[in-house]
């Protein structure tokens with residue numbers, strides 16, 4: 004089995020080493036930290052539910068990991084570090100909520116209880132929430148690595164991953180898209196105003212009458228504005244506009260040539 008088993012915002016160090024580092028919301032720290040001796044993996048943690056589930060799956064899939072070093076800046080909403088500490092100290096309730104967690108929705112619904120038990124037994128947590136100094140983190144990792152008790156003995160290394168993966172019902176991509184002409188609300192022409200640094204979205208009625216113009220820097224903001232004004236009546240049309248506006252935003256940011264309904268290319 005390849006490891007890590009779940010993709011995420013992390014950097015792999017040496018999988019044979021005993022320390023995993025959670026940098027909480029800090030995205031710039033984990034690529035640096037993962038290069039230090041003693042560290043198997045370092046990664047960001049965004050939420051106190053699905054994010055912690057991913058962490059549990061990857062840690063329990065590698066019995067060499069015996070320590071979890073928590074550092075970086077914590078989200079005041081999710082309180083990921085505090086939730087991890089409560090999970091290790093208290094476990095979960097019968098409905099799979101982390102006992103004593105103060106963050107938003109600390110629910111671990113998609114990993115087996117045996118994996119949660121293994122996680123709590125396998126690792127020793129060191130809470131250094133707020134620490135962003137790589138030198139200090141490296142020193143702590145060396146200390147932990149030096150007293151590793153050796154690999155954790157477990158027969159459930161891949162059970163959490165296989166259990167959650169089997170819960171997803173596979174569906175194929177694709178489907179029938181109504182011709183955009185069929186949208187009774189009209190159609191849109193998307194261009195770039197590079198001088199102003201804006202995406203320009205012009206709305207025409209079905210008889211080609213000019214109706215509205217929206218300018219912005221963000222594809223998401225433009226789509227939300229069009230939906231707010233009820234200018235799109237078909238889900239497939241909304242999906243098309245989201246993809247096309249995302250292309251336009253990328254072209255604007257990266258200096259690429261943009262032409263509606265054409266692949267992006269160098270200017």
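In the numbering used here, the protein residues as written are 4 to 270. Ideal Cβ positions, reconstructed from N, Cα and C, are used throughout, including at glycine.
Across the structure, residue 173 and residue 142 are spaced so that their CA atoms are roughly 45 Å apart. A distance below 6 Å between beta-carbons, with the five flanking residues on each side excluded, links residue 147 to the following residues of its chain, in chain order: 22, 70. Counting of Cβ neighbours within 10 angstroms places residue 238 among the exposed residues, the total staying below 16. Annotation for residue 220: 200, 201, 202, 252, 255 place their beta carbon closer than 8 Å to its own, counting only its chain and skipping 5 residues before and after. Sequence-distant partners of residue 235 (beyond 5 residues in either direction) whose C-beta falls short of 8 Å from its own C-beta, in its chain, are 186, 188, 229, 241, 244. According to DSSP, residue 24 shares a beta bridge with 45, 72. Taking all protein chains shown into account, residue 93 has fewer than 16 neighbouring C-beta atoms within 10 Å of its C-beta and is therefore exposed.
Of the candidates 18, 45, 36, 45 places its Cα closest to the Cα of residue 25.
Under a 10 Å Cβ-count criterion, residue 144 is classified as buried, with 16 or more other Cβ atoms of the shown protein chains found around its own Cβ. The criterion of a C-beta distance shorter than 8 Å is satisfied by residue 125 and residue 155.
A Cβ-Cβ separation of about 18 Å leaves residue 52 out of contact with residue 128 under the 8 Å criterion.
Counted as a single uninterrupted DSSP element, the beta strand (DSSP E) harbouring residue 130 occupies residues 127-130. Using a Cβ distance threshold of 8 Å, residue 28 and residue 105 do not count as a contacting pair.
Non-local beta-carbon contacts of residue 84 in its own chain, meaning distances under 7 Å to residues more than five positions away in sequence, involve 27, 73, 77, 130, 132 in chain order.
The three-state reading of DSSP puts residue 214 in strand, counting E and B together.
CA-CA distance, residue 38 to residue 17, rounds to 8 Å. DSSP places residue 192 inside the beta strand (DSSP E), whose first and last residues are 190-196.
Residues of the same chain with a CB within less than 6 Å of the CB of residue 54, apart from the 5 flanking positions on each side, are 48 in chain order. Distance between residue 217 and residue 268, taken at the CA atoms: about 24 Å.
A direct Cα-Cα distance of roughly 13 Å separates residue 98 from residue 119. The three-state reading of DSSP puts residue 265 in coil, since its state is none of H, G, I, E or B. Of the residues assessed, residue 121 falls on the buried side of the cut-off, its CB having 16 or more other CB atoms within 10 angstroms. By the 16-neighbour rule on beta-carbons within 10 angstroms, residue 80 is exposed. In this structure, the beta-carbon distance from residue 61 to residue 9 falls below 8 Å.
In the three-state reduction of the DSSP assignment, residue 208 falls in the coil class, being assigned neither a helical nor a strand state.
Counting the other CB atoms within 10 Å of its CB gives residue 208 a total below 16, which places it among the exposed residues.
Sorting 35, 12, 41 by C-alpha distance to the C-alpha of residue 19 places 41 at the top. A distance below 8 Å between beta-carbons, with the five flanking residues on each side excluded, links residue 137 to the following residues of its chain, in chain order: 32, 35, 36, 39.
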